[in-house]
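Participant: Provided herewith is a single structure, encoded as structure tokens, for subsequent inquiry.
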Amino acid sequence: MSLAQLRALGLSARGVQKRAAAGRLHRLHRGVYAVGHPKVTLDGRRLAAVMAAGPKAALSHRSAAAVWGIRRGPETRIELTTSDRGRKPPAGTRLHRVRTPLDAAVASHNAIPVTTVARTLLDLADVLTGQALARAVHEAERRRILDMRELEATLTEAKGRRGRRKLTAALATRDQGPTRSVLEERFADLVARSDLPSPRRNVHLHTRDRLIEVDNLWAGEKLVVELDGAAAHRTARAFHEDRARDLALTAEGYAVVRLTWRNITEQPEGVMEELRSLLRARAALSAWPPRSAS
Numbered sequence: 696m697s698l699a700q701l702r703a704l705g706l707s708a709r710g711v712q713k714r715a716a717a718g719r720l721h722r723l724h725r726g727v728y729a730v731g732h733p734k735v736t737l738d739g740r741r742l743a744a745v746m747a748a749g750p751k752a753a754l755s756h757r758s759a760a761a762v763w764g765i766r767r768g769p770e771t772r773i774e775l776t777t778s779d780r781g782r783k784p785p786a787g788t789r790l791h792r793v794r795t796p797l798d799a800a801v802a803s804h805n806a807i808p809v810t811t812v813a814r815t816l817l818d819l820a821d822v823l824t825g826q827a828l829a830r831a832v833h834e835a836e837r838r839r840i841l842d843m844r845e846l847e848a849t850l851t852e853a854k855g856r857r858g859r860r861k862l863t864a865a866l867a868t869r870d871q872g873p874t875r876s877v878l879e880e881r882f883a884d885l886v887a888r889s890d891l892p893s894p895r896r897n898v899h900l901h902t903r904d905r906l907i908e909v910d911n912l913w914a915g916e917k918l919v920v921e922l923d924g925a926a927a928h929r930t931a932r933a934f935h936e937d938r939a940r941d942l943a944l945t946a947e948g949y950a951v952v953r954l955t956w957r958n959i960t961e962q963p964e965g966v967m968e969e970l971r972s973l974l975r976a977r978a979a980l981s982a983w984p985p986r987s988a989s
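Shown next as structure tokens:
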């Protein structure tokens, strides 16, 4: 709780000091206390940091992205934004300063003032690579928290921001899906959470006239799963090359399944069930005909 909140409950400054000395209040930042015990959750630390940064502050950047669930990775320091130019950063935080008050760009998440998803993406554009930013955009869309009208309004108001062009470029990839590496990571996570055996990844297979690298292989069942990111498969030449590869693999007895970003993110349970059935069918096929009794 903040000192102002404690005062509103009727405690004097001396009363706060006495309770802190008695171990009933625990100072987290100047003017911010934990009640009852010093250990607080991550959300508690985030809220305490925002309180310590003042009424014009909000959780932002990578910390806001973590709260919205649109970016993976450790949160090394709590990031905040404020329009209070004289405010010092609370201990253990990174404080970003802006000239214009955040106002409408602030939402509440578990009682924590946090920048909206649109504003968070704009802020991320200043601190992330283009690829990492595209991942955050795709994750926001997958979680159905990407409001394009709000984002377009945020971009319109952001003229002069250096990350504006980068965010615009990231948005242009929405219909293409993310990079192959992101697709591979998402598919590997999906398989790991299921009861399917793990496939071998990025395996080279010999066919009659070529050596073909496949994304995922269940060798015993001779099942290949290829992950199609639009950026790598959008040209006519790439399209026809993929079909030639599939034909060569089919001639060698492999079954080839192609999955897209939408398949993996929008129909994960259905995809896993179909692969489960296909693996069973392929296993039964490889065991046919049954051995004769001796």
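Numbering (the numbering used here), first residue to last: 696 to 989.
We put the CB at the ideal spot given by N, CA and C, even for glycine.
Going by DSSP in three states, H928 sits in which element: helix, strand or coil?
Facilitator: Sequence index remark: in the sequence shown, residue 928 carries index 233 (1-based). Because H928 carries a pLDDT of 47, less than 50, the predicted location of this residue cannot be relied on, and no value is offered for it.
Participant: Rounded to whole angstroms, how far is the Cβ of D910 from the Cβ of R896, which I believe are closer than 8 Å?
Facilitator: Position 215 of the sequence shown holds residue 910. Position 201 of the sequence shown holds residue 896. The pair is a contact, with the Cβ atoms about 7 Å apart (cut-off 8 Å).
Participant: For the putative contact between A829 and T868, defined by C-beta atoms under 8 Å, what is the C-beta separation to the nearest angstrom?
Facilitator: One-based indexing of the sequence shown puts residue 829 at position 134. One-based indexing of the sequence shown puts residue 868 at position 173. Correct: roughly 5 Å between the Cβ atoms.
Participant: Check for me: the alpha helix (DSSP H) holding S758 runs from which residue to which?
Facilitator: One-based indexing of the sequence shown puts residue 758 at position 63. Segment 756-763, the alpha helix (DSSP H) holding S758.
Participant: Could you tell me if T851 is buried or exposed, where buried requires 16 or more neighbouring beta carbons within 10 angstroms of its beta carbon?
Facilitator: Position 156 of the sequence shown holds residue 851. T851 should be labelled exposed.
Participant: Compare the C-alpha of R837 against each of L846, T902, G764 and name the closest.
Facilitator: Indexing the sequence shown from 1 puts residue 837 at position 142. Out of L846, T902, G764, G764 has the C-alpha closest to the C-alpha of R837.
Participant: Just verifying my parser: in three-state terms, what is the DSSP assignment at D842?
Facilitator: Stepping through the sequence shown from its first residue, residue 842 is reached at position 147. Coil, per DSSP.
Participant: Determine, using beta carbons only, whether E770 and L790 come nearer to each other than 9 Å.
Facilitator: Here residue 770 refers to the residue found at position 75 when the sequence shown is read from its first residue. Here residue 790 refers to the residue found at position 95 when the sequence shown is read from its first residue. Not closer than 9 Å, so no.
Participant: For R903, does the three-state DSSP call read helix, strand or coil?
Facilitator: Counting from 1 along the sequence shown, the entry for residue 903 is found at position 208. Three-state result, R903: coil.
Participant: Pull up the CB-CB distance for T776 and A752, whole angstroms please, since I reckon it's below 8 Å.
Facilitator: Counting from 1 along the sequence shown, the entry for residue 776 is found at position 81. Counting from 1 along the sequence shown, the entry for residue 752 is found at position 57. Rounded to whole angstroms, the Cβ separation of T776 and A752 is 7 Å, and the two are in contact under 8 Å.
Participant: What are the boundary residues of the alpha helix (DSSP H) that H833 is part of?
Facilitator: By 1-based counting over the sequence shown, the position of residue 833 is 138. Taken as a continuous stretch (DSSP letters only), the alpha helix (DSSP H) holding H833 covers 825-837.
Participant: Bridge partners of R722, per DSSP?
Facilitator: Taking the sequence shown and counting its residues from 1, one reaches residue 722 at position 27. Answer is Y728.
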